[in-house]
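Here the structure comes first, spelled out in structure tokens, and everything after it is commentary.
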Amino acid sequence: MKKKMFVLSGMVLALLSLSACGSSNNDGSNEAGGKTEEGKTKITFNWWGSEVRHERYIKAIELFESENPDIDVEYEYSAWDDYWKKLATKSAAGELPDIMQMDAQYLAQYGEKNQLADLSSYIGEEISKEGINEAILNTALIQDRILAMTPAVNAMSMLINEEKVSLASSTLDYSTYTFSDFVKTVEEVKKATGQYGWIDVSDNSVLLQYFLRTKGEDIYKYNANGTPEIGFSKGNFLTFMEAIASLAASEALPTAEVVNNLKSFDENPFALGEAGFLQTWTNQYVTYQESAGEEVKISMELPYDTKGTKALYYRPTFYYSVAETSKNKEAAAKFIDFIVNNVEAGKIFGTERGIPANVNVKEAIYPDMSETEKATADYLDAIEDLVGDASPVPPVGYSEINNHFKEVYAEVTYGTMTPEEAYTSFVEKAEEIFDENYN
4 MKKKMFVLSG MVLALLSLSA CGSSNNDGSN EAGGKTEEGK TKITFNWWGS EVRHERYIKA
64 IELFESENPD IDVEYEYSAW DDYWKKLATK SAAGELPDIM QMDAQYLAQY GEKNQLADLS
124 SYIGEEISKE GINEAILNTA LIQDRILAMT PAVNAMSMLI NEEKVSLASS TLDYSTYTFS
184 DFVKTVEEVK KATGQYGWID VSDNSVLLQY FLRTKGEDIY KYNANGTPEI GFSKGNFLTF
244 MEAIASLAAS EALPTAEVVN NLKSFDENPF ALGEAGFLQT WTNQYVTYQE SAGEEVKISM
304 ELPYDTKGTK ALYYRPTFYY SVAETSKNKE AAAKFIDFIV NNVEAGKIFG TERGIPANVN
364 VKEAIYPDMS ETEKATADYL DAIEDLVGDA SPVPPVGYSE INNHFKEVYA EVTYGTMTPE
424 EAYTSFVEKA EEIFDENYN
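So the sequence shown is numbered by our numbering: it starts at 4 and just counts up by one.
Listed below in structure tokens is the structure:
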């Protein structure tokens with residue numbers, strides 16, 4: 004099945020998206036490297052995403068091939084869950100694609116098995132680093148190896164329903180407010196409106212992680228031997244979870260069940276104008292404002308405790324990695340450079356992948372951004388002096404650790420587990436997973 008078959012009608016693409024796969028290979032395989040029948044260098048590329056992303060990747064691939072007629076890109080795409088199942092199967096068979104879209108929580112898993120190529124020798128050569136902040140490059144650094152490149156970044160932010168928050172009895176200075184100030188105002192919004200003061204997110208470990216970073220800690224850290232261990236003190240964990248328990252008990256914060264059962268952004272109480280605050284990544288600002296509509300005025304401000312803490316950091320939306328088994332690493336690196344740094348490719352993607360990590364690409368597409376997209380880009384520029392180093396790459400098994408935190412967090416919001424019990428359960432589970440994967 005030839006790859007050009009994917010220049011199809013929107014309806015067919017939609018059906019392919021629903022079936023969670025798309026393939027462009029002639030023989031149904033997706034093995035990395037090699038040559039085509041015409042003698043071109045063949046590279047394979049796998050990604051996950053929506054139909055919009057599929058269509059934009061295909062356009063970008065066609066542009067890349069027109070500028071590099073000696074390289075043929077064969078591709079396969081899937082929905083999120085199927086993508087990782089397929090990648091695991093290919094990994095076990097030693098048949099990873101040359102280039103793969105990679106998520107932070109899986110980077111260590113594949114990197115520790117030496118399945119990802121070190122891109123260090125290609126950066127500055129096949130892959131330009133001009134216009135990309137060094138801190139962004141280092142987010143994929145594992146034991147002195149850069150295992151991936153990111154096309155786009157975001158950062159933690161606080162979304163504000165201006166009408167609801169204005170009803171609180173105190174006023175926040177968003178450049179200096181503390182966690183205690185924030186919790187107090189959340190409670191005041193609840194009292195003034197009878198609605199939620201704060202809506203959390205389903206991936207609530209990011210809220211814990213941000214809080215810990217304001218204290219100079221993190222969920223995990225690596226010791227001198229490169230082994231992960233608990234990165235936080237009991238006291239700071241309890242401070243955060245006790246606030247969550249108190250806010251949930253007063254219904255200033257919903258129970259985890261509310262957020263976890265939402266089927267779309269449109270159903271979120273914050274998007275419906277029924278909450279004061281939402282702490283989330285900057286790339287969600289556009290989505291929430293569009294879901295809320297013009298009648299709900301949402302602004303984006305700094306989260307609490309940014310002054311002097313370096314708690315903020317630039318977070319890659321996702322990465323591109325090259326398989327260690329690839330026979331055509333230089334061509335793969337050249338393709339990554341194109342989809343990360345090429346201005347015309349950037350115009351094809353727009354902000355679908357997030358705000359471009361390359362400032363030259365960002366500036367090129369800025370005039371075509373919506374007002375909320377521009378506000379997001381401006382925010383990322385404005386926090387440059389406030390950002391610190393990114394959290395270390397998540398250790399192997401982190402997805403399981405993350406899922407367990409969701410469970411204990413939910414129990415705390417239901418009132419069926421105390422913060423102290425949550426601490427014990429979470430630490431024991433995390434240490435068990437560290438031992439399984441590193442000892």
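Cβ coordinates follow ideal geometry from the N, Cα and C atoms, glycine included.
Limits of the beta strand (DSSP E) - the one that residue i falls within
i      : result
SER302 : 301-304
GLY200 : 199-202
ASN49  : 44-51
Outcome for residue i when other beta-carbon atoms lying within 10 angstroms are tallied against a minimum of 16
i      : result
TRP83  : exposed
TYR417 : exposed
ALA91  : exposed
LYS38  : exposed
SER81  : buried
ALA471 : Nothing about residue 471 can be read from this structure; the chain reaches only from 4 to 442.
GLN146 : exposed
GLY97  : exposed
THR419 : exposed
GLU137 : exposed
PRO72  : exposed
ASN345 : buried
ASP371 : exposed
GLY238 : exposed
VAL76  : buried
PHE255 : For the record, residue 255 in the displayed sequence is Ala; it is not Phe. Buried: at least 16 other Cβ atoms inside 10 Å.
LYS88  : exposed
Three-way DSSP call (helix, strand, coil) for residue i in this model
i      : result
SER324 : strand
TYR450 : Here the chain comprises residues numbered 4 to 442, so residue 450 is not present and cannot be evaluated.
GLU333 : helix
GLU232 : strand
ALA227 : coil
ILE222 : coil
ILE163 : strand
ALA433 : helix
ARG356 : coil
ILE135 : coil
ASN157 : strand
LEU175 : coil
MET244 : helix
LYS377 : helix
LYS350 : helix
LEU170 : coil
LEU150 : coil
Chain C within 8 Å of residue i, Cβ atoms only
i      : result
ASN331 : Note that chain C does not occur in the displayed structure, where there is just one protein chain.
Residue i, enclosing alpha helix (DSSP H) - first and last residue
i      : result
SER460 : The structure shown has nothing for residue 460, since the chain only spans 4 to 442.
ASN442 : Premise fails: ASN442 is in no alpha helix (DSSP H) and is neither H nor E.
SER208 : 208-217
GLU68  : 54-70
LYS38  : Looking at the DSSP string, LYS38 is not in any alpha helix (DSSP H), and its letter there is neither H nor E.
ASN363 : 362-368
Which complete beta strand (DSSP E) runs does the segment 75-130 hold, if anything under 3 residues is left out? 102-105
In chain order, which alpha helix (DSSP H) runs of at least 4 residues are fully inside the segment 379-427? 401-417
Touch test, the segment 217-237 against the segment 185-204, Cβ-Cβ under 8 Å, three pairs minimum: no
Segments of 3+ residues assigned as beta strand (DSSP E) that fall wholly inside the segment 248-297: 278-284
Count Cβ pairs between the segment 121-131 and the segment 339-348 that sit closer than 8 Å; are there 3 or more? yes
Sufficient close CB pairs (3 or more, under 8 Å) joining the segment 293-312 to the segment 170-181: yes
Is there contact here, the segment 307-326 with the segment 148-159, by at least three beta-carbon pairs under 8 Å? yes
Contact between the segment 375-390 and the segment 418-432 is defined here as three or more beta-carbon pairs at a separation below 8 Å; is this criterion met? no
Would you call the segment 393-401 and the segment 220-227 touching, i.e. three or more CB-CB distances under 8 Å? yes
Segment contact flag, the segment 396-413 with the segment 376-384, C-beta cutoff 8 Å, min 3 pairs: no
Pairs of beta-carbons, one from the segment 276-291 and one from the segment 58-71, closer than 8 Å: are there three or more? no
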